[in-house]
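Single-structure report; data block below.
6 protein chains.
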Amino acid sequence: MKILVINPNTTESMTAAIAESARKYASPGTEIIALTPKYGADGIDCNFESFISAVAVMDLVATYQGPFDAIVMAGFGEHGREGVQELVTVPVIDMAEASAYVAQMVGRKYSVVTTLDRSIASIEDRLILAGLFTRCASVRATGMGTLELDEDPKRALEVIVEQARLAVTQDRAEVICLGCGGMAGLEEAIAREVGVPVVDGVGAAVRLAEAVHGLGLGTSKVGTHAFPEAKKIIGWPISQHLT
Amino acid sequence: MKILVINPNTTESMTAAIAESARKYASPGTEIIALTPKYGADGIDCNFESFISAVAVMDLVATYQGPFDAIVMAGFGEHGREGVQELVTVPVIDMAEASAYVAQMVGRKYSVVTTLDRSIASIEDRLILAGLFTRCASVRATGMGTLELDEDPKRALEVIVEQARLAVTQDRAEVICLGCGGMAGLEEAIAREVGVPVVDGVGAAVRLAEAVHGLGLGTSKVGTHAFPEAKKIIGWPISQHLT
Amino acid sequence: MKILVINPNTTESMTAAIAESARKYASPGTEIIALTPKYGADGIDCNFESFISAVAVMDLVATYQGPFDAIVMAGFGEHGREGVQELVTVPVIDMAEASAYVAQMVGRKYSVVTTLDRSIASIEDRLILAGLFTRCASVRATGMGTLELDEDPKRALEVIVEQARLAVTQDRAEVICLGCGGMAGLEEAIAREVGVPVVDGVGAAVRLAEAVHGLGLGTSKVGTHAFPEAKKIIGWPISQHLT
Amino acid sequence: MKILVINPNTTESMTAAIAESARKYASPGTEIIALTPKYGADGIDCNFESFISAVAVMDLVATYQGPFDAIVMAGFGEHGREGVQELVTVPVIDMAEASAYVAQMVGRKYSVVTTLDRSIASIEDRLILAGLFTRCASVRATGMGTLELDEDPKRALEVIVEQARLAVTQDRAEVICLGCGGMAGLEEAIAREVGVPVVDGVGAAVRLAEAVHGLGLGTSKVGTHAFPEAKKIIGWPISQHLT
Amino acid sequence: MKILVINPNTTESMTAAIAESARKYASPGTEIIALTPKYGADGIDCNFESFISAVAVMDLVATYQGPFDAIVMAGFGEHGREGVQELVTVPVIDMAEASAYVAQMVGRKYSVVTTLDRSIASIEDRLILAGLFTRCASVRATGMGTLELDEDPKRALEVIVEQARLAVTQDRAEVICLGCGGMAGLEEAIAREVGVPVVDGVGAAVRLAEAVHGLGLGTSKVGTHAFPEAKKIIGWPISQHLT
Amino acid sequence: MKILVINPNTTESMTAAIAESARKYASPGTEIIALTPKYGADGIDCNFESFISAVAVMDLVATYQGPFDAIVMAGFGEHGREGVQELVTVPVIDMAEASAYVAQMVGRKYSVVTTLDRSIASIEDRLILAGLFTRCASVRATGMGTLELDEDPKRALEVIVEQARLAVTQDRAEVICLGCGGMAGLEEAIAREVGVPVVDGVGAAVRLAEAVHGLGLGTSKVGTHAFPEAKKIIGWPISQHLT
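Residue numbers (numbering that gives the first Met the number 0), protein chains in the order written: chain F, 0 to 242; chain L, 0 to 242; chain B, 0 to 242; chain V, 0 to 242; chain H, 0 to 242; chain Z, 0 to 242.
This is the structure in structure tokens:
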């Protein structure tokens, strides 16, 4: 099967890292097609940037020419999943939700460790709307931004381990979700340090997309995610105006 | 004071109707500046269109040149409020939330009567995240789309009254919120028929914007709605690329 | 318009302070009529005193002779709003609820800073029933009673700022509500210290009463707040028996 | 042991009926002391009347001369329990809460069948604050007021059975609570008709008061229900002014 | 009346201690019949052991020959109550739920102090399903296992008092429930130290069983707890195969 | 990988049907090992039977000799998952939870269609504890027992389609979960009739078990699902006493 794995930000190197993580966990026979938005921020840390990414991702999906069997949205706490679901019949799996689904399968309560404090609210909102907040022990921030994580991977590991430990000892988490694509690849080291399962979101989303596809299921087109009606939309797709 | 009242869709005549409703309820001395997005759908009935509107409204706010004291977002169930709040220090009032706030002040439970069935989920999601769903008795759809409401106002009144009555008798609503800008102007006729307070969302949002401004308060810039950090954003503002 | 602003306790000097705060925030053209109950405690710190105040406030409303357009109940966590709503058709705005409404309009989560520990439960109960607890980050007590606040305003400021800071840093509040009429006038100093919007409850209630009145709305008389049926009530109004 | 069983309304014949029901279910050795408020409505159907009853009941308790070991508040959905708890160290059992406690012990979900439609909100509010609403399947009204129940017991039985049946078949209730003191004595007939346990609230409250007393426990005086502080209260107790 | 009080574990000395506690609080005329399962663990600290106990307790009930009027299940957080309810018409009272019921009658929030950390989840789950978690301030563990409590009662008292104090001061509990049968007999000493009511679960369950029986009520046989249908069950009752 | 797929009841033909369904959806390379309990009911319709199955399934797992990589518990609403998780380090996937997980990935709200009315409560309880009830639109019963479904597959299809349609039109479900192993194989026919995705629980559980295994994750052994401590357990494993 072919999975579109879409990075919500415009940094190509992050798309490459996401693709690597996706391929690491994909089953044999699954083809990963990694895409980068044509507009938007090079890193997403607030609602302003997140809403732009939602539209840029929908734009990518609406203009993608080849065949595909599922979509993975590789943002943690970003908007847009409901919009993408309206455009397709294949499964659309959001990385934050996928992390929570998998976490709930292996422990009673899970915590998310993310980058900056201000991302906590967005992540909580996505989990609340997804009906996945009941078993969330906490969303914790390391205080290191995405770019910082990239630049100082040793310190990144330290601060993530520190928050993950607090999540386990103080918040009673039994599983940790890595709440930022930039943390990909650290899951095993963190799991060794903290002693609980650590979920890589991209991997989780890819595996769940395979599972839903394997069941012969796709997005329900009755109700919320029905196709948009034919309508006059000015300036759409936006990407065609940008060159 | 000056209030930017922003129609989320691209139909100028709806912007005019919204402006009329805003001016009808505004206090003396309040200036209403009605704006129309530069891109997006001519009517918003799904998440796909709603996310585009979120970005188009942020674009309008980011590029607006003159002074203003508050923003009213005149969509019922549309995305984007959290993003706009990050761009400004003035109060940002969403029409659906404003309706619920006012409804809760005058009755124990309220119902929303909206257009199409598929809008119910979006409205519920906005109310849940706003912490305003506990006292929501129901969100009911008339089955008439926005354009249909415009074309056949007599039948519009009938179907809205029908759903409002069911909300009162079956769902125990004590107040009705009109869940679509296109229903503006009908509130008094519906209230006469059904016998409960009927809230016009644009009016409610304008009056609450005045109230918050009058208290000398604006959007908290600590935490969720802090200004976005300086960052490289490709293609932003989008509107400048569209001509 | 004329607003009855009712102090729930029997201390005239507090009524005067509440009236001052109400007038500070009222729009031009709004007349504030401040009232003091004819019986009850000189300060309200528990349910026993709060229930008496509910009845004394209803007694004031039932026996008030002149015209009025809205009622503001200037207690924070006191009982009685539902009872007063049954007696009138105008809007009835409770100060604690008004604070929460306004706080929610300007930030994602709010905290209340109140006087004594034992008031926390009452405030929580009012917010729960009002459907406004979801976005409450915490209710915190300073440990200083109302009279103490009056006597030592410098220390009052210190302890309120201390709790407000904890609310922001530990509970993730983005807005602070002053949970006691005796804190009126401190809102600007606290906001300067803590860096988040601080809501004065009396001001909030007055402004919201104006907003609802401006929308042409009043208390729904269908259901919960319908007028009481004619009935034999011994000893009512209580105030006529007290001289 | 001695239990004060307090009718919230001023109708002596209802006090007698409540006393009869209390004695029917009391254990041998339990003395029932039934009291009638000195002021307030002869029947309670709204918040206005309910708040007066809260104060009148506190007045009775505060001025009662003899010894007692527990208090039963024999109103279904009335205010005041938290206030009475502050005045004493003995257990204070509210009839509506007692009904829900017992109902939960014998079935998964329970419904309340009460008198008028407008009482539903008050009953729901009490159950919500008491943390007993999760297992409430519904609160249903018969449409017959308290006095009507008294006058036409045959029809009363019919309409209660009708609503109880709907609660069982439509709302999945497995137990019925009689939501009005005036329904006392009908529990066995209703249970025979509907085939589920039917809880008489006065009996439930008396038996639970005995249970708590038998455990050597009383109202916690730490926190919410601590004694009121010494304070100047004008006109209190109110009853002494009424002659 | 005769109450079957069933210890979920296979340690006879604990059955004796539970019986003693039951008799201490039982009313005159109540006969306590204490039973020990024929298979299962000698102490229950996890779900594995708890599910076995559920079946062993059902086995005891199904094979008990004499008459009885109520069943008390003397485990704190153990499974099985719904299963036992299906086998009988008499009331079935679970000790953890009984503690919460009584605690709610005498204070606004309660905390449970239990043995090991891993028991917290089970206790929370039982309270959630019983609809009794809203007023639970916390479930706290002492870190001492059941056998340790037995061996070192002096240190047991110390660690329970320590956690109970933290529950009161930090979690705002107003009542403490002893979350382990092995803590029976300590309730008065703990109450003296901490100054809040302390509930002994076995006593609470016995007294509530008496109350429900005294009301002439038993388990509703409509819906969830209807008798099992006649069916082929291999190896049942299990106990007959064990000798 | 090898997956133990465990039928909770003792009917071998149902184990065979479950195995068939598991193999239909399993990925190439996944080996399905279907097991039948050594004791318990031939069909599970109540808590009494469900608790026995929980123990019989744990018995099977504890005594299984060969290697395995995951466990699927093929009961819909049965107890025991938390107990089995304590015994192993591999993932343990419950069929009812798996259905809900998958349903949530493809639609906003899902409904479960099950057999008898009395199973609704058990299914709801499992979903509540699993934190998966927020997006559950309804649990509906067809009124046909498991054996009846087997005997009259044509009528089974009719009644399931009827309830699924009501779930979509009245409860706003967008996905249907088949709430009984006996409905396996009907999913495609139902989906064709009703027009929404229909989830087969066994298939969903198998695919999710593969996904978690593929991510290199297993049950967290910190906290709730840690291994039971060494302890004296009488009569365990129960199966060895049965011959």
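Note that beta-carbon positions come from the ideal geometry of N, C-alpha and C, so glycine has one too.
Keep in mind that this is a model prediction, so the values were computed, not measured.
If you draw a straight line from the alpha carbon of residue i to that of residue j, how long is it in whole angstroms?
i	j	result
R171(V)	R80(L)	40 Å
H212(L)	L59(L)	21 Å
V87(V)	S121(Z)	42 Å
L207(F)	G215(F)	13 Å
M57(B)	G82(B)	7 Å
L156(H)	I189(H)	7 Å
R107(L)	Q169(L)	15 Å
I43(Z)	G74(Z)	9 Å
K220(Z)	R117(H)	11 Å
E19(F)	N6(F)	12 Å
If we define contact as Cβ-Cβ less than 8 Å, is residue i a contact residue for chain B?
i	result
M57(V)	yes
L128(V)	yes
I51(V)	yes
V112(V)	no
T62(L)	no
Residue i touches chain V at which residues, Cβ-Cβ below 7 Å?
i	result
C45(B)	E85, P227
H240(B)	H240, L241
Determine, using beta carbons only, whether residue i comes closer than 8 Å to chain L.
i	result
A91(F)	Strictly speaking, residue 91(F) in this sequence is Val, with Ala absent from that position. Output row for V91(F): interface = no.
L3(B)	no
I122(F)	no
Could you have a look at residue i and say whether DSSP puts it in helix, strand or coil?
i	result
E77(B)	coil
I233(Z)	strand
K37(F)	coil
V54(Z)	helix
S26(F)	coil
L131(Z)	coil
S238(F)	helix
D170(L)	coil
A69(F)	strand
L156(V)	helix
With a threshold of 8 Å between beta-carbons, can residue i be considered close to chain H, or not?
i	result
D149(Z)	no
V54(Z)	yes
I159(Z)	no
Mind pulling the chain H residues with CB within less than 7 Å of residue i?
i	result
L185(V)	Those within 7 Å of L185(V) in chain H number zero; the least Cβ separation is about 14 Å.
R117(Z)	G222, T223, A225
T9(Z)	I233
Quick one: is residue i near chain Z, going by C-beta distance under 8 Å?
i	result
V71(F)	no
M104(F)	yes
R125(F)	no
S137(F)	no
Residues of chain V with CB under 8 Å from residue i, in chain order?
i	result
E48(B)	P227, K230, I232
| query | Listed from N- to C-terminal order along the chain, which residues in the stretch 73-86 of chain H have their beta-carbon within a distance smaller than 7 Å of any beta-carbon of chain Z? | reply | Against chain Z - using a Cβ distance shorter than 7 Å - the residues of the stretch 73-86 of chain H are H78, G79, E81, G82, E85, L86.
| message | Residues of the stretch 162-196 of chain F in Cβ contact with chain Z at a cutoff of 7 Å, in chain order, please. | response | When CB distances to chain Z are screened at a threshold of 7 Å, the residues of the stretch 162-196 of chain F falling below it are V167, R171, E173, V174, G194, V195, P196, in chain order.
| query | Taking Cβ-Cβ distances below 7 Å as the criterion, which residues of the stretch 12-40 of chain F are in contact with chain Z? | reply | Only Y24, S26 from the stretch 12-40 of chain F bring a Cβ to less than 7 Å from some Cβ of chain Z.
| query | Quick one, which residues of the stretch 196-210 of chain B are near chain L if we go by CB-CB under 8 Å, in chain order? | reply | Along the stretch 196-210 of chain B, the positions whose C-beta sits under 8 Å from a C-beta of chain L are P196, V198, D199, G202, A203, R206, L207, E209, A210, read in chain order.
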